[in-house]
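Chains as they are written, first to last, in our numbering: chain G, 1 to 294; chain F, 1 to 264; chain E, 1 to 337.
Here's the structure we're looking at; comments come further down.
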Amino acid sequence: MTTTIVLQQAINGIVLGSLYVLVALGLTLIYGVLVQINFAHADFVTLGAFAAYFFMHLVGLGYIPSIAVALIVGAAMGWLINASIFTPLRRKNNELLPLIATIGVSVMMQNLMLAWFGPIPYAFETEFSRHVIRFAGIFVSWQNVIIIVVSALTIALLYVFMKFTFLGKALRAVSQDRETAGLMGINPNFLIMLTFVIASALAGMGGAMLAPVLVLTPFAGTSVIVKAFAIVIIGGFGNVEGTILAGLIVGLIESYTTQFLNPGLIDIVVFALLLLMLAIRPTGLISERREENV
Amino acid sequence: MSATADGAAGEPLLRTQELQKNFGGVKAVSEISFDVPMGAIFAVIGPNGAGKSTLINLISGVYRPDAGSLSFDGVDLSTMPAHLRVRFGIARTFQKIRLFRQLTALDNVIAGFHVHHKIPAWQYLVHGAAFTADRRRCRDQAMQLLEFVGMSGRAHVPAGSLSYGEQRMLELARALATKPRLLLIDEPAAGLNAAEVDGLLDRIRSLRHGGTTVILVEHNMDLVMNVADRIMVMEYGRRLFEGTPAEVQKNPAVIAAYLGGELL
Amino acid sequence: MSETVFAQQWLGKATSSRARFLGYLTAVAVIVTLPLVFNDTYWRTNLTVCAINVLLAIGLDFILGYAGQLNLGHSAFYGLGAYVSTLLIVKLAVPFWLAFVAGVAFAGLAGTFLSLFAVRLRGHYLAIASLGFAVIVHQILLNWISLTQGPLGIYGIAPPPALVVDGTVIADFRNLTAFFYLVAGFALLSFLLLSQLVRSPVGETLTAIREDEVSAASLGINAAAWKVFAFGVGSAIAGAAGCFYASFVGTLVPDAFFITEAFNILAMVIVGGMGTLIGPVFGAVLLTILPEVLRGLGDLRLVVYGAALTFVVLFIPGGMAQAANAVGERLWRRRSA
Ligand SMILES: Nc1ncnc2c1ncn2[C@@H]1O[C@H](COP(=O)(O)OP(=O)(O)OP(=O)(O)O)[C@@H](O)[C@H]1O
Ligand SMILES: [Mg+2]
Numbered sequence: 001m002t003t004t005i006v007l008q009q010a011i012n013g014i015v016l017g018s019l020y021v022l023v024a025l026g027l028t029l030i031y032g033v034l035v036q037i038n039f040a041h042a043d044f045v046t047l048g049a050f051a052a053y054f055f056m057h058l059v060g061l062g063y064i065p066s067i068a069v070a071l072i073v074g075a076a077m078g079w080l081i082n083a084s085i086f087t088p089l090r091r092k093n094n095e096l097l098p099l100i101a102t103i104g105v106s107v108m109m110q111n112l113m114l115a116w117f118g119p120i121p122y123a124f125e126t127e128f129s130r131h132v133i134r135f136a137g138i139f140v141s142w143q144n145v146i147i148i149v150v151s152a153l154t155i156a157l158l159y160v161f162m163k164f165t166f167l168g169k170a171l172r173a174v175s176q177d178r179e180t181a182g183l184m185g186i187n188p189n190f191l192i193m194l195t196f197v198i199a200s201a202l203a204g205m206g207g208a209m210l211a212p213v214l215v216l217t218p219f220a221g222t223s224v225i226v227k228a229f230a231i232v233i234i235g236g237f238g239n240v241e242g243t244i245l246a247g248l249i250v251g252l253i254e255s256y257t258t259q260f261l262n263p264g265l266i267d268i269v270v271f272a273l274l275l276l277m278l279a280i281r282p283t284g285l286i287s288e289r290r291e292e293n294v
Numbered sequence: 001m002s003a004t005a006d007g008a009a010g011e012p013l014l015r016t017q018e019l020q021k022n023f024g025g026v027k028a029v030s031e032i033s034f035d036v037p038m039g040a041i042f043a044v045i046g047p048n049g050a051g052k053s054t055l056i057n058l059i060s061g062v063y064r065p066d067a068g069s070l071s072f073d074g075v076d077l078s079t080m081p082a083h084l085r086v087r088f089g090i091a092r093t094f095q096k097i098r099l100f101r102q103l104t105a106l107d108n109v110i111a112g113f114h115v116h117h118k119i120p121a122w123q124y125l126v127h128g129a130a131f132t133a134d135r136r137r138c139r140d141q142a143m144q145l146l147e148f149v150g151m152s153g154r155a156h157v158p159a160g161s162l163s164y165g166e167q168r169m170l171e172l173a174r175a176l177a178t179k180p181r182l183l184l185i186d187e188p189a190a191g192l193n194a195a196e197v198d199g200l201l202d203r204i205r206s207l208r209h210g211g212t213t214v215i216l217v218e219h220n221m222d223l224v225m226n227v228a229d230r231i232m233v234m235e236y237g238r239r240l241f242e243g244t245p246a247e248v249q250k251n252p253a254v255i256a257a258y259l260g261g262e263l264l
Numbered sequence: 001m002s003e004t005v006f007a008q009q010w011l012g013k014a015t016s017s018r019a020r021f022l023g024y025l026t027a028v029a030v031i032v033t034l035p036l037v038f039n040d041t042y043w044r045t046n047l048t049v050c051a052i053n054v055l056l057a058i059g060l061d062f063i064l065g066y067a068g069q070l071n072l073g074h075s076a077f078y079g080l081g082a083y084v085s086t087l088l089i090v091k092l093a094v095p096f097w098l099a100f101v102a103g104v105a106f107a108g109l110a111g112t113f114l115s116l117f118a119v120r121l122r123g124h125y126l127a128i129a130s131l132g133f134a135v136i137v138h139q140i141l142l143n144w145i146s147l148t149q150g151p152l153g154i155y156g157i158a159p160p161p162a163l164v165v166d167g168t169v170i171a172d173f174r175n176l177t178a179f180f181y182l183v184a185g186f187a188l189l190s191f192l193l194l195s196q197l198v199r200s201p202v203g204e205t206l207t208a209i210r211e212d213e214v215s216a217a218s219l220g221i222n223a224a225a226w227k228v229f230a231f232g233v234g235s236a237i238a239g240a241a242g243c244f245y246a247s248f249v250g251t252l253v254p255d256a257f258f259i260t261e262a263f264n265i266l267a268m269v270i271v272g273g274m275g276t277l278i279g280p281v282f283g284a285v286l287l288t289i290l291p292e293v294l295r296g297l298g299d300l301r302l303v304v305y306g307a308a309l310t311f312v313v314l315f316i317p318g319g320m321a322q323a324a325n326a327v328g329e330r331l332w333r334r335r336s337a
């Protein structure tokens, strides 16, 4: 009995964790390239969720195409925020200003969505929610199978893109050393724009898949982003492998805390882990320590 | 050159023994031992990446050595944090300029008086006579230091808006505000024009007259040969040679490795 | 961001002590007359909220604008001050002012605790750590139901006891005007003390740390210790604001100290002009009043609020202080031309 529960929660945790990974990877990509935080990333998640919801209900082409729509909406938002906030602020070379500007954008987006969609949670049911696979006492909905498959595929694709394509290599070069990217003959501004588009597309599609799991309100993104921040730090800012590992850990913590302790404790456990991490390894799970070159 | 430089008996002001610092696989500084006598001008030269700045960082406490020791005036400093070393009388400038860019030139120098304020704690909240006197004293001394580096006319300009040469001089003035016994200067002549280098030379000399010991890292050989009492040549983190300017210029290993045809 | 440099100079150092004395005199006069001008309950309530927000903003500005520590969790110290003092009063019948001192001390200690991390963290790491701290505090307030009653909240918190001298009541804090004078007076005193501090060598020391820690250390500055100091002071002031808030509103719910409150305080500091003390005072007043004025817009009022914040960062990053400075400089130039 207990092993079934442990296994069941492991699956729930991985489902949740892989969604957190999608959201956190976007933050990490942006941080790796720009050393900046986009606070409105949270609201791209929410917007992605609403886009998928309305596309499904108004157009009626089913869940999978609506994930693609959310992805496109996210990508568009990424382009927009880069062009309107990060590009103008870049020459100021200040770590605080873009963060605050995007907090402003976040407040704006949340309340615009509130005005349009209202405060009452939306029930996001898909054609896959009801179909459940039973296997040795464990229940897995088709919905969750889709989540795991799509996010695993996306993460794998991203990984292949970063490791093996020329553009991906250029992206990694910028994140390691901004000067060498220029030497590779690619406009760094284009790379930054591309990073925002990819990162925000991940947030949008993450939103479409989180929507059935979450309570979908205009503020849904906030609770996700706060965990995504924790994941990004636990994994080491800018570190892709660390982020994936940390995301899955946080997903598991969440499902086990819900099962064995109290759902109210989730954030406390996650952030206690974060503070502990910062106390012993401020550079994250996998990365090595570096001394500032003076 | 000077009597104190070579023949001084007893403890040197600074003594390093087998200092070592690695970055990953790079041995930036390895097995460096040398003595700097009180009152000397000790120059460190060597090709790019030789480990000169790393040595300055070890002496000033920005990095901890991986091995070896470092004593100043008989006190072991090897593990002492940078900010405490200032109280013992070690000050420095940076090769990559690190001024407080938003503060004015004057305020940069005033910040250098940090360890020398004489204000009773309560007067930080209720400014009294001692407070006002201290403020005036710091301001006057800061103005004098700016004058010393030839910048009294630029006191109220934000450091970030100064020219490159001015920024280098301001770093020097700021370091001097801590009233150092040992001053570490890392490539002060980089980016200066000939006239500015001459001014720098005069200033280093007059510092020595004032009793300050100087460790100078520099690529400008004219400056080094003119002002240094002793020179240490570094290559790949190691000491290649140490001696007087005349000895350095004659040493075949040094000529081969670094000076090349330049001085022959 | 050299725009702020000039703002700091014009508004900070350049003012003579006579000008400052006149400034404080004006401030006292304004505080005294405000509740007389706005004599309905609605606006008098807002006045006190303004004063509480001023406390929050100058405390955060000390940490963020002067010491340069990216604190995104100021709401935590605010909440801790409120809950600690209130619980002492409600559960243990501790006298108000003693509970006030305890609330301030507890918030200050919490800030000190958090800054022990800050000592090793830079920039965004600290931002997320402080955000995480605020999330933890909010969740604890929400989930420790036996102590805080969770989302149900604590009701019927009494105002501070009346000030009585020789049997005559001098100030009864059930009266909105008296309460406003109390908080505004405290805010003015805090401002005065902080302003003395930042015009002392402590000001240069903190700014030096903000600008470049390695450089600061090379001048003998113990950056770690000073960051702890700045955090301790700033969070203690937030604690005081929390104590006042609880006894003013009379009701405490954890959601009043959600992280969005930290963003609100941050917005006040930025819109006012961080790194000047006077800027965030005006920022706090503006951003308290603005949503009230925009109430007619319904849900859209926060949209305007967010847009205003973004606009300020993009176009006047030095905030109102920078704008005032630009105007002042132009006037000065015209006069001397
Ligand atoms: N913080 C650091 N992290 C990694 N490597 C470092 C660091 N600091 C120095 N190094 C490496 O150590 C070696 C010595 O560097 P250092 O800056 O001391 O040389 P230098 O003699 O001052 O050279 P230059 O004349 O160019 O200033 C170099 O290979 C450099 O890349
Ligand atoms: Mg160097």
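Cβ atoms here follow ideal geometry from the backbone N, Cα and C, with glycine treated the same way.
From a predicted model like this one, the values you see are computed outputs, not experimental measurements.
Is residue i close to chain G? Criterion is C-beta to C-beta, closer than 8 Å.
i       : result
H124(E) : yes
I270(E) : yes
V281(E) : no
N57(F)  : yes
F62(E)  : no
Consider the Cβ of residue i: report whether some Cβ of chain A lies at a distance smaller than 8 Å.
i       : result
Q139(E) : In summary, chain A is missing from the structure at hand, where the protein chains are G, F and E.
Does any C-beta atom of chain F lie closer than 8 Å to the C-beta of residue i?
i       : result
Q340(E) : Here chain E covers residues 1 to 337 and nothing more, so residue 340(E) does not appear.
L22(E)  : no
V21(G)  : no
V294(G) : yes
Could you compute how far the alpha carbon of residue i sits from the alpha carbon of residue j?
i       : j       : result
R333(E) : A155(F) : 21 Å
L277(E) : D61(E)  : 7 Å
T26(E)  : G296(E) : 32 Å
S18(G)  : P201(E) : 51 Å
A246(F) : S33(F)  : 21 Å
I265(E) : V233(E) : 16 Å
N111(G) : F117(G) : 10 Å
I64(G)  : I157(E) : 53 Å
F38(E)  : G32(G)  : 52 Å
L58(G)  : V69(G)  : 13 Å
N293(G) : Y305(E) : 41 Å
L170(F) : H219(F) : 20 Å
L152(E) : A308(E) : 33 Å
K27(F)  : S190(E) : 52 Å
Let me see if you follow: with CB-CB separation under 8 Å, is residue i close to chain E or not?
i       : result
G112(F) : yes
V33(G)  : no
R92(F)  : yes
D107(F) : yes
Y124(F) : yes
A115(G) : yes
Find the residues of chain E that neighbour residue i, judging by a C-beta separation of less than 7 Å, and give them in chain order.
i       : result
T178(F) : L219, G220
With DSSP as the reference, label residue i as helix, strand or coil.
i       : result
M232(F) : strand
G221(G) : helix
D35(F)  : strand
E329(E) : helix
S141(G) : strand
N12(G)  : helix
Whose Cβ in chain G lies nearer than 9 Å to the Cβ of residue i?
i       : result
T310(E) : S84, I85, I100, A101, T102, I103, G104, V105, V107, M108
In chain G, which residues lie with their C-beta within 7 Å of the C-beta of residue i?
i       : result
Y305(E) : V107
Under 7 Å, CB to nearest heavy atom of ligand 2: contacting residues:
K52(F), S53(F), Q95(F), D186(F), E187(F), V217(F)
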